[in-house]
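Numbering (the working numbering), first residue to last: 1 to 687. Below is one structure, written out as structure tokens; the observations come after it.
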Amino acid sequence: MTLRSRVPAFAGLSLFAVPFVVQAADALDEVVVSSSLRASTLESLPASATVLSSETLARAGVEHFGDVMALVPNLNFASSTSRPRYFQLRGIGELDQYEGAPNPSVGFLIDDIDFSGVGMPATLYDAARVEVLRGPQGTAYGANALAGLISLSTQAPVDHFESRVDADFGDYGLKAGGFVVNEALGRDAAVRLVAHTYQGDGFRRNAFLNRKDTNGFDENLLRGRLHWRITPELDADLTLMLTDINNGFDAWATDNSRVTQSDRPGKDIQRSRAASLRLAWDGLDRFTLVSSTAFADSAIRYSFDGDWGNPVLWGVNGPYDFYERTKRNRRTLSQEFRATSKQSEGPRWVFGVYALRLTEGNDLLDLYNGDVYRTLISDYAATNLAAYGQVDIDLAPRLVLSGGLRGERRTTRYTDSNALRFDPTDDMAGGHLALTWNFSEGQSLYGTVTRGYKAGGFNLGGSVPASRRRFDPEFLWNAEVGYKTRSADGRFDSQTSLFTMRRQGQQVTSSFQSDPNDPLTFVFLTDNAASGRNLGLETQLGWRPVDTLRLSASLGLLRAQYQGYQLAGVDLSGRDEPHAPHYQFGLSAEYHFGGGFYARADVTGMDAFQFSADNEERSRAYQLVNLKFGYEGRNWTASVWTRNLFDAKYATRGFFFGNEPPDYTPKRYIDNGDPRQLGISVSVFFK
């Protein structure tokens, strides 16, 4: 069976029936990508990208970025957390971070603030857009964007008064509310204040404790944004953000159901204070200067009941009680200076320097049958220094050549209570070379070669063999061709890209259990495979045949495989990489009946995927259907919605290991996705 034939037939037929679009729900206005070094229209960007507008986020989602991820081709995530924060783009990305140093492959920004690997605060409330750049961002973002970048931007202040109050209610204990206040401060400044709270029971029931809230949500947000035109040439944009996420974590059950038996449910807590300041000076004739400063301080507490049971469940096979708690305190401070040329003719250039300081304290505690089994107190620090440049040249009236180069040094220091110490330094370089041919109005072809990189690191834990402590940097070559089009009347646009990626020194996450009869010796490791090969297709299209109907579709095809990799004596060459499904698709339709009434339907699906590198256990393919019916009045809106209409059961993470006494026979365990949920949402506007 071919890769394309594995996509459900109705999805394939729909892709032939409608043209592609990057936005699913708003008017097909010209889309500008701001996450690239030089802001450009989507049609002129020589890369595969998805932009989800504020209208799409509001109508397709409910609360979090995880609600709309299925609209992005070749984007997946690994759960085992209350909110998605470990992402995979084109099959590349981390699956977890239980211990050790942060080393993300997918960059995650919120208003220029680096939340890579800790993206739980990615609420959709008052969000302006989400941009997803696929493929290595070797010139613009370097070591934290080997696989690509996800950038969430919130609504900026506007120069007049407006306010909004929102409320959401639903089953599974959903209660949410928020407000937005925007006001002009004289002629040259404006401020926007946002507050939001979200609560839910987390879609699980703990039978042993007779509770429905052990996996629940308790999330609170305060955010302020200020825009100030200090002088006619100098603009300042300030963002201040405070998030208090106090979620439970009780997701795993020995029978792979949503009914848990744990006697010590865990927690998934993240309290973040963050700020960013962007200064743009336009006082020179030839170029603009931009300074971007960002800071984040996150206190993260993660714990779980490792045996997933209780004394009654284990009975004569006990005592068996395992509990793990991790305390992480992460702080990031970044500074970037960028100069961008103003000329529209001749060479157009961007040059910049970048510095990032990251520190993380990690305190790990394992308890077994009431006694301390393992403790680990660690301190980690990393400094990234980089310089980059990009030049765009018109080779002909419709032919543009773009080249970029970035050099980066990452210096790290790690110490812990087990007397381990590492202080490696990695020198890395990446960049791109792209050719874009705008062969007619609204149509373009591009070809690009990019090189990305990711720093090396080290594995922790007393069970890790000395020979597997360190792993080396990874480098990735990406070759891509694409076609983009936009009709003159704006009723459809599309983009399609074909890519092949070659990974050198590929970093692979696997698991290792040194004693088959002792689940406490189960640890996660990162190794270097000889190489990996990822190839695929990404296409997005949409059509507005009449003013009242908007259609869209997306498709991602992917083959991500190991090359020349052996694990525990087994040759894994040709095996799929984890969380890299062969296909993902999304279909959306939105119809406006008149009089303010509308309906929207989203159908998304994903092929089965490998859970991890060290076994052949896979998920199952699935499809999800979301519906929304709403009314938009002059000063208020209301909608009723359902997610996962047919209550499909699907896995978002899986393991294969021994966790049940007395024999600890290896078994397949899965973390289930969310069941069907019904809700209503109401918004009231004041102007």
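Just so you know, even glycine gets a beta-carbon here, dropped at the ideal spot from N, CA and C. Everything numeric in this text was worked out from a predicted model, so none of it was measured.
One alpha carbon belongs to K212, the other to G370, and they sit about 26 Å apart. Here the stretch 109-127 lies against the stretch 217-225, with 3 or more beta-carbon pairs under 8 Å apart.
Inclusion of A355 and L385 in the CB contact set at 8 Å is warranted, their separation being smaller than that value. Close CB contacts of F108 within its chain, under the 6 Å cut and outside five residues either way in sequence, are with F115, S116, G119, I150 (chain order). Within a 10 Å sphere around the beta-carbon of P347 sit fewer than 16 other beta-carbons, which makes this residue exposed. At a cut-off of 4 residues, not a single continuous stretch assigned as alpha helix (DSSP H) sits fully inside the stretch 386-430. Secondary structure note for P545: its beta strand (DSSP E) is the uninterrupted segment 531-546. The DSSP-derived three-state label of A39 is coil. Beta-bridge pairing by DSSP links E183 to V191. Counting only unbroken stretches of 3 or more residues, the beta strand (DSSP E) elements lying wholly within the stretch 239-320 are 266-281, 287-305, in sequence order. The Cβ-Cβ distance between P578 and L558 does not fall below 8 Å. Here K649 is not near S639, since their CB atoms are 8 Å or more apart.
In the DSSP annotation of this structure, S54 is not part of any beta strand (DSSP E); the continuous alpha helix (DSSP H) holding it starts and ends at 54-60. DSSP assignment within the stretch 79-104 yields the following whole beta strand (DSSP E) runs of 3 residues or more, N-terminal first: 86-89. The DSSP-derived three-state label of A466 is helix. Taking a 10 Å sphere around the C-beta of I230, we find fewer than 16 other C-beta atoms and assign the residue as exposed. Three or more Cβ pairs closer than 8 Å define a contact, and the stretch 334-344 falls short of that threshold against the stretch 312-326. In summary, K687 is exposed, with fewer than 16 beta-carbon neighbours lying within 10 Å of its beta-carbon over all protein chains present. Secondary structure at M501: strand, using DSSP grouped into helix, strand and coil. Inter-residue distance for L567 and R618 is about 18 Å (C-alpha atoms, whole angstroms). Boundaries for F161: no beta strand (DSSP E) harbours it, and the DSSP string shows neither H nor E there. If you ignore the 5 residues before and after N635, its C-beta comes within less than 7 Å of the C-beta of V684, F685, all in its own chain and listed in chain order. Its Cα nearest to that of R486, the residue L541 stands out among A529, T448, L541. Here W308 has W252, A253, T254, T260, Q261, S262, N659 as same chain residues with Cβ atoms under 8 Å from its own Cβ, once five neighbours each way along the sequence are excluded. For R357 and L333, the gap between their C-alpha atoms comes out near 5 Å.
In the DSSP assignment, the residues bridged to L149 are G107, L133.
For S588, the enclosing beta strand (DSSP E) starts and ends at 583-594. Contact check for P675 against F65 fails: the beta carbons are separated by 8 Å or more. Taking all protein chains shown into account, S417 has fewer than 16 neighbouring C-beta atoms within 10 Å of its C-beta and is therefore exposed.
Within the same chain, R273, R331 come within 6 Å of D297 by CB-CB distance, once the 5 residues on both sides are set aside. Taking C-beta separations shorter than 6 Å and ignoring five residues to either side along the sequence, the partners of Y669 in its chain run F655, following chain order.
Only residues of its own chain outside the window of five on either side were considered, and among them A140, V350, Q390 have a CB closer than 6 Å to the CB of L37, listed in chain order.
Straight through space, the alpha carbons of F304 and G216 are spaced by roughly 14 Å. P157 places its beta carbon less than 8 Å from that of V191. Look at G66 here: in three-state DSSP terms it is helix. Residue burial is scored here from C-beta neighbours: L284 has fewer than 16 other C-beta atoms within 10 angstroms and is therefore classed as exposed.
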